[in-house]
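To convert, take the position in the sequence shown, counting from 1, and add 32; that gives the working numbering. Since the structure comes first, as C-alpha cells, the remarks are kept for the end.
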Amino acid sequence: MAANIAKMHAALKKKKAEEKERHESRVEAGRASIQRRWSAPVAPARQPLGNVDSNRRQSEPPPPPPLASAAAVKESERKQTGVLNVNSFPIHPGYRRQRNYSGSRSSAGSSSSAGSSSSSSQGAASTMGHAYVDAGVIASGIASLSQSKCEQCGSDAGVEVAGETPRAIGGGSLDFSCVSCGALRHVPLSKQIGKQDEVTVRFISAATTEGIGKAQIDRLLTKMDIGAVNNKVYARVVEKVDAAAAIEVDQMCDEALQREMAATLLMEGEACKSKTGKIMITIISDGTWQKRYGRNSLAGFVGVYGLYTGECLYAGSKMARCATCSYYKQQGQAAKKHECTRTWNEAPNRDGATSNMEKVITLEAVEAIYKKGAIVGTLVTDGDTKTLAHIKSHGPKEVAEEIEGSQDLGHLAKNLKKRLYELNASGSLKGLIPEAEQERLRKLFANAVHEHRNNNKDKPLEGQAEQLQKKLRVIAPHQFKFNEAGTGLYDHCPCGSWCKLKPSNTMIYDASHIPGGRKKFLDHRARAAVIKIFENYSSMELCARLLLDCSTNVAESTNSLLWLRYLHKTFLRPRLSGLAWNLTQLQKKNGAMGAGEMVMGRMGLSELGPAAKQSAVKMDARDMK
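Below you can see the structure in the form of C-alpha cells.
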C-alpha cells in the first residue's frame, strides 16, 4: 500500500513539473513575440492628399502634425532585450507623455526655498492625507491655538503646519510648530469615548449596523484615502455594537410582551386566562437557515411574534461553527482561550441535525415568556409539528397542558398544490392535472377556509372543525363530471350554496356553470387520487388548527430582511450572525436608520444633528413604503 502511494505522489510530482515547463515555454514565446513586434520599423507617415488649406475655414484648428519617421525612434527603444513594463514600454515620440502610476500625491510648493516658512508648511501639508473628523472639535482646537501663547517660549508669533499624527479612521491630531522655537502643538481631531476616538467608533458602528463587514469597510476606507482599520480596533467596536443591540432587543421584547398581553385581554376577554389566572397569548414562530430546510446549515434563526401586535417577543439564534476552533483543529493544536461562537453542539454534517434548531429556540422562547408571567396558549407555525410536540414534552407543565397548535393556511395550501404537481409530473396520471387545475384547486381550498372563518368569527369553536371538514371534502368531487364509478354524472347535492350545478339551480349539468368559466372537468382517471389528497389535507386535526385566522407572514418577511440586508447565504459570518439577527428585529420595528441610532445611542455616541435626523426620518419613511 505504501509503495502505491509513493508511486502516485511521484507521478503527480512529475505531472506538475511538466505543466510548469510548458507554462514557462509559453511565457518565453510571448515575450519574444512582443519584442519582435516592437523592434519592427515604424511605417512611414502617410502623405497629405494635397493642398486643402484654401478650402479649409479659418476658424478650424490646424491639422495634427504627421507621425514621426522610423529614424526618430530611438535605437534603444527598438532593440530592447529586457522585460517590458508600464514605465519602459516604447511609445511613439509624437504621443510621448510621462505617466505616473505610483498613486503618490503631487508636492507642489516643495520647489520653493527650504528656508522659507510658507514653503515648509506647504510641504508638510502636502504629505497629509484624508480623514473622517469632528469639525467642531477641530474648530475649538484651532480657536484655542490662535488665542494662546506658546507654552515653551511664551511667543505669540504664530504657528506653522508641521504635519499630522493619524490614528485609526479619524483620530489623532493636526500638528503645528511654533514659529519662534519650533515646539509642537496639537489640535485633536475627535472626542474620546474611553480610550477610543468617537469618529472611529461612530464610523465602524454605522457600517456594522448597515450590514457592512470588515472587508467592505477596509475597501471603502482605502478608496477614501484613509487606509484599513486595525483588526483589534474593529473587534472592540463590534463587540460594543453587539452588546448594545442585544440590550435594545431584550428591552424591545419585554415591552412588546406587555402590549401583546394587553391586546389579548382586550380582544378575547376573560376567556384568554388559564386556570391559574395567567394570560394565554398566541405566538407566531418560524425559523430560517443558511441552507434550505436547515439541512447541514451552520446557522439557524428563529423569531417569535405576537398575534395581535405582530411585534417580536423573542429572537434567538444558534451557530454550529467557530472560526477560531476550526483553525486550531486544522493545525492539530489545542485552541487558545477565546470567545467561542459555537452555540449548537449537534453535528452539523448529519442530515437534518441543524433543523432541530427551530424547536430548541422556540422552546427557549416559550420558557422566557412563561418566566415573564404569560403562557403560550397557541403556537402558529408553517406546518411543523415537531416544535409543538417538543414543547409539550420538555416545556413547563402549565404550558404543556394548555398549548395548542395552529396552521398557516398559505403554507398548507401550497403543500397541497405540491402534492398535485407530483401526481401530474410522473406515473400513470402524468399530464392529467395541468398547472391551471392545480392552481384552481389550491385557491378553492384556501377560499373555503377563508369563507368559513369570516362566517363564524363570533361563534363558539365547538363543532366548527366538522363543518370545515365537510366544506373541504366536497371541493374535489365537484370538479369531476362523472361519479366515482364513472357510470353517471356526479350528484352535486352535498356541495354548498356556491355550487351552480345542483338540480335546484339547473336541470342540465353544464360544465360552464363551474365558477371561473371552465369548459371541461378534470379527467375522471385522476378522481380517486385528487380526492385522497383532499381527504389527507382536511383531517379533523388540521381543520381544528385552521380555525384561527392567522398566518406566518410577519415571520417570513423578517426572515427575508435578514438575508437581504445583513447576511448572505453564500458565506457565513459566525461572529456577526447573532448581531445581524438582533439588528433585523430592530429594523423591522424602528426602521434601518432608527435601529442604528438606537444602538449607537446605547453605546454613548452623541445624537444626530438636526439635518441628519431629518434625513434619517425621510429614509425610514421611504423604506416603510
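Each residue gets a CB set at the ideal place from its N, CA and C atoms; glycine is no exception. These numbers were taken from a predicted model, which means no experiment stands behind them.
Cβ neighbours of GLU10 in the same chain (closer than 7 angstroms, five flanking residues each side left out): Residue 10 is absent from the model: the chain starts at 33 and stops at 657.
Euclidean distance between Cα positions of ALA624 and CYS357: 33 angstroms
Cβ distance (whole Å) where TRP613 is taken to contact SER349 below 8 angstroms: 5 angstroms
Reference LEU500; option with closest CA among ALA366, SER571, GLN179, ALA163: SER571
Between the CA atoms of ALA260 and VAL219 - distance to the nearest angstrom: 23 angstroms
ALA200 vs ASN263 beta-carbon contact at 8 angstroms: The answer is no: Cβ separation not under 8 angstroms.
Whole beta strand (DSSP E) elements within the stretch 557 to 629, 3-residue minimum: none
Residues bridged to THR410 (per DSSP): THR314, GLU436
Outcome for VAL481 when other beta-carbon atoms lying within 10 angstroms are tallied against a minimum of 16: buried
Same chain only: Cβ atoms within 6 angstroms of GLY518, ignoring 5 sequence neighbours per side: Result list for GLY518: HIS556, in chain order.
Beta carbon of ARG634 nearer than 8 angstroms to that of ALA276: Closer than 8 angstroms, so yes.
Residues sharing a beta bridge with ASP282, DSSP: ASP282 pairs with nothing; no bridge assigned.
Rounded Cβ spacing between MET630 and ASN622 (contact assumed at less than 8 angstroms): 6 angstroms
The stretch 292 to 307 in contact with the stretch 352 to 368 per 3-pair CB rule at 8 angstroms: Taking a cut-off of 8 angstroms on C-beta distances, the stretch 292 to 307 does not touch the stretch 352 to 368, as fewer than three cross pairs fall below it.
Rounded separation between HIS443 and ALA421 - CA only: 19 angstroms
Unbroken beta strand (DSSP E) run spanning SER647, endpoints: Taken as a continuous stretch (DSSP letters only), SER647 belongs to no beta strand (DSSP E), being part of the alpha helix (DSSP H) at 642 to 656.
Any 3 or more C-beta pairs closer than 8 angstroms across the stretch 633 to 651 and the stretch 266 to 282: yes
Residue of LEU608, SER583, GLY204 minimising C-alpha distance to TRP595: LEU608
Same chain only: Cβ atoms within 8 angstroms of LEU593, ignoring 5 sequence neighbours per side: THR616, GLN619, LYS620
Inter-residue Cα distance where the pair is PRO642 and VAL165: Whole-angstrom Cα-Cα distance: 18 angstroms.
Cβ-Cβ separation, CYS182 to SER205 (assumed contact under 8 angstroms), whole Å: At roughly 17 angstroms, the Cβ-Cβ gap does not stay under 8 angstroms, so SER205 and CYS182 are not in contact.
Buried versus exposed call for LYS462 [16 or more other C-beta atoms within 10 Å across all chains shown]: Exposed, because fewer than 16 other Cβ atoms sit within 10 Å of the Cβ of LYS462.
Straight-line Cα distance separating THR375 from GLU588: 24 angstroms
Reduced DSSP category for HIS370 - H, G, I as helix; E, B as strand; rest coil: coil
Boundaries of the alpha helix (DSSP H) in which PRO509 is found, first to last residue: 507 to 510
C-beta atoms of ALA508 and ILE563 nearer than 8 angstroms: yes
Contacting residues, own chain, Cβ-Cβ under 6 angstroms from LYS502 (five flanking each side not counted): none
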